[in-house]
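First comes the structure, then the notes that go with it.
2 protein chains.
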Amino acid sequence: MISQAEENYLKALFHLTNETEEKVEAGTNELAFYLEVKPATVNDMLKKLKEKELVSYKKYGKIMLTQQGREYAVEVVRKHRLWETFLYEKLEFSWDEVHEVAEQLEHIKSKKLVEQLDRFLGFPKIDPHGDPIPNSKGEIKYLKRKTLTDIPVGAVCKLVAVKDSSASFLQYAVQIGLGLSSKIKIISRQEFDGSVEIEIDNKRSTVSQKFAENLFVL
Amino acid sequence: MISQAEENYLKALFHLTNETEEKVEAGTNELAFYLEVKPATVNDMLKKLKEKELVSYKKYGKIMLTQQGREYAVEVVRKHRLWETFLYEKLEFSWDEVHEVAEQLEHIKSKKLVEQLDRFLGFPKIDPHGDPIPNSKGEIKYLKRKTLTDIPVGAVCKLVAVKDSSASFLQYAVQIGLGLSSKIKIISRQEFDGSVEIEIDNKRSTVSQKFAENLFVL
DNA sequence: TAAAATAGTTAGTCTTATCTAACAAATATT
DNA sequence: AATATTTGTTAGATAAGACTAACTATTTTA
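Residue numbers (the numbering used here), protein chains in the order written: chain A, 1 to 218; chain B, 1001 to 1218.
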């Protein structure tokens, strides 16, 4: 049996390594910082995870998920993103509220629950933040991503993801009526600073280039 | 913050006392048996719960929930039964599969989640076992639970729970084709001894009044 | 009512997940 | 290469929630 704490370590390792193309290994301090615990704690936990053959590492060496560990981590990510989708689509949670609750729900242990939830939601491909939802075989389809800055004036696009999902960004997004799958029309663009005037549900706003670069669209 | 273990003790106390009209207090051994832990463990936990003013008890005395403890317990029961309803109605879980998963889901902490789930389900009054679901104010409307003996001849009902689940009863049930969520049609009833002829999946059997009283139906 | 049975408590141990403080190894800098 | 800095490890502590074994209080019964 894998505890909730262990699941969190696996998920963290997945996000720090496998999820980002280049990196395949992490360090103790890095993991500790990510999980907001002390390096000593990570060290203890790694021993347990190594014992269970979920991670591979040697003293003073780099940390890597084993195949088994990766599979487990992907399952947790799958659950997290399915629950986020459920909260957003069915329970009227807003974009910035889903994460905290999904952090709890992702640890519920029931194979049937996950599969039925997936079916109930219509086998969604992306979660409310636009991140891909692994399928039941653990396959993840990463979509190539364009940002708002790539869209020409006059065109309409759909928001599918965000680069930075800090609370401050998400709150700003909600303020201007921006939600997942929002249709965004490009009204005009300033050559001077790259700021763009956009229209969402007949509501116009002007956002900076920095903001626009943070929005992945299709 | 109240831990999952603590929540389970409160819920157990509620079921052993407040839920049954007569009893208002429980003993250490009784609680231990119910929770499948040892009396010593219960004793330790009671000290914590007393400290938090969720139970009242004195050394060698009886255990009782405080008003606060009762309110908390009802909230947990509410969550449990809402989740059972969700699993049964939306995710195609069968009658006997919902409990185990609801035991996990009831500990998720999010006020909004509970209220939205309740709304999503259309503010259900009873769970898939026919037990009442407390409303958001903690009020519980106890309905008289119907048994097979309350169903008139000619009507059809659905099995939702059993009073006694001894092996001898279950074996008998299996023999006559009675399973969870079985649809039962009342063919005839003997005035003399209250025995009933029933039909399950086109198969007829005659059962005693004692047997019929053991079946909760909807 | 005295002995037996039952119920409840205490003390000490275990495991998990965390911490702090001190130490060791690896890497970077001058 | 010597030293300083960063990174990782170890040892020992703590808190929660469980256990066993031994003890004490209460209740039953002969």
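The beta carbon of each residue, even a glycine, is placed where N, CA and C say it ideally should be. Every value quoted in this text rests on a predicted model; they were computed, and no experiment measured them.
query	result
Whole-Å CB distance - B:A1155 paired with B:I1126, under 8 Å assumed	Contact doesn't hold; Cβ gap of about 19 Å is too wide.
Element boundaries [beta strand (DSSP E), containing A:E199]	V196 to I200
Span separating the alpha-carbon of B:T1020 from that of B:I1200	32 Å
Beta-carbon spacing of B:V1217, B:V1160 below 8 Å	yes
Contacts of A:S110 in chain B (Cβ-Cβ under 8 Å)	E1100, V1101 and Q1104
Per-residue burial, B:L1170 [other beta carbons within 10 Å of its own, 16 or more giving buried]	exposed
Reduced DSSP category for B:K1047 - H, G, I as helix; E, B as strand; rest coil	helix
Where the beta strand (DSSP E) through A:F216 begins and ends	L215 to V217
Segments assigned alpha helix (DSSP H), at least 4 residues, entirely inside the stretch 111-143 of chain A	111-120
Residues sharing a beta bridge with B:I1063, DSSP	B:A1026
Rounded separation between A:E77 and A:E106 - CA only	Here the sequence assigns Val to residue 77 of chain A, which means Glu is not the residue at that position. The alpha-carbon atoms of A:V77 and A:E106 are separated by roughly 8 Å.
CB contact flag (B:T1206, B:E1197, <8 Å)	yes
Rounded straight-line distance, which links the Cα of A:R81 to that of A:G138	13 Å
Residue burial classification, B:M1045 (beta-carbon count within 10 angstroms, cutoff 16)	buried
Beta-carbon gap between A:L49 and A:A12 smaller than 8 Å	no
Secondary structure of B:L1054, DSSP reduced to three states	coil
is_contact[B:K1079, chain A] using C-beta, thresh 8 Å	no
Stretch-stretch touch, CB-based, cutoff 8 Å, three pairs: the stretch 1116-1123 of chain B with the stretch 1081-1093 of chain B	yes
Under the three-state DSSP convention, the category B:V1153 falls into	coil
Beta-carbon separation (whole angstroms), B:K1183 vs B:K1158, contact threshold 8 Å	6 Å
Proximal chain B residues relative to A:E219, where beta-carbon distance stays under 8 Å	Coverage of chain A is limited to positions 1 through 218, which leaves residue 219 of chain A absent and any answer about it impossible.
Ranges of the beta strand (DSSP E) found wholly within the stretch 164-212 of chain A, counting only runs of at least 3	183-189, 196-200 and 203-207
Inter-residue CB distance, A:I63 and A:L31 (contact presumed, cutoff 8 Å)	7 Å
Where B:L1159 sits in the DSSP three-state scheme	strand
Per-residue contacts from B:F1123 into chain A (C-beta, under 9 Å)	Within 9 Å Cβ-Cβ: nothing; B:F1123 doesn't reach chain A, min ~14 Å.
Boundaries (first-last residue) of the alpha helix (DSSP H) holding A:N8	Q4 to L16
Contact with chain B by A:L170, beta-carbon distance below 8 Å	no
A:L234 at chain B interface by Cβ criterion, 8 Å	For residue 234 of chain A there is no data in the structure shown, the boundaries of chain A being 1 and 218.
DSSP three-state assignment for B:T1020, whether helix, strand or coil	coil
Own chain, CB closer than 6 Å to B:G1194, minus 5 neighbours either side, in chain order	Q1209
Short CB-CB distance (under 8 Å) between B:F1014 and chain A	no
Assigned secondary structure, A:K146 (DSSP; H/G/I helix, E/B strand, else coil)	strand
Rounded Cβ spacing between A:A5 and A:L16 (contact assumed at less than 8 Å)	Going by Cβ atoms, the distance from A:A5 to A:L16 rounds to 17 Å, so no, they are not a contact pair.
Within chain B, the residues that A:F120 reaches when beta carbons sit closer than 9 Å	K1090, L1091 and E1092
Residue of A:S56, A:S165, A:S181 and A:S188 minimising C-alpha distance to A:V24	A:S56
Interface partners of A:L180 on chain B, CB under 8 Å	Neighbours of A:L180 on chain B: none; closest Cβ ~18 Å, over 8 Å.
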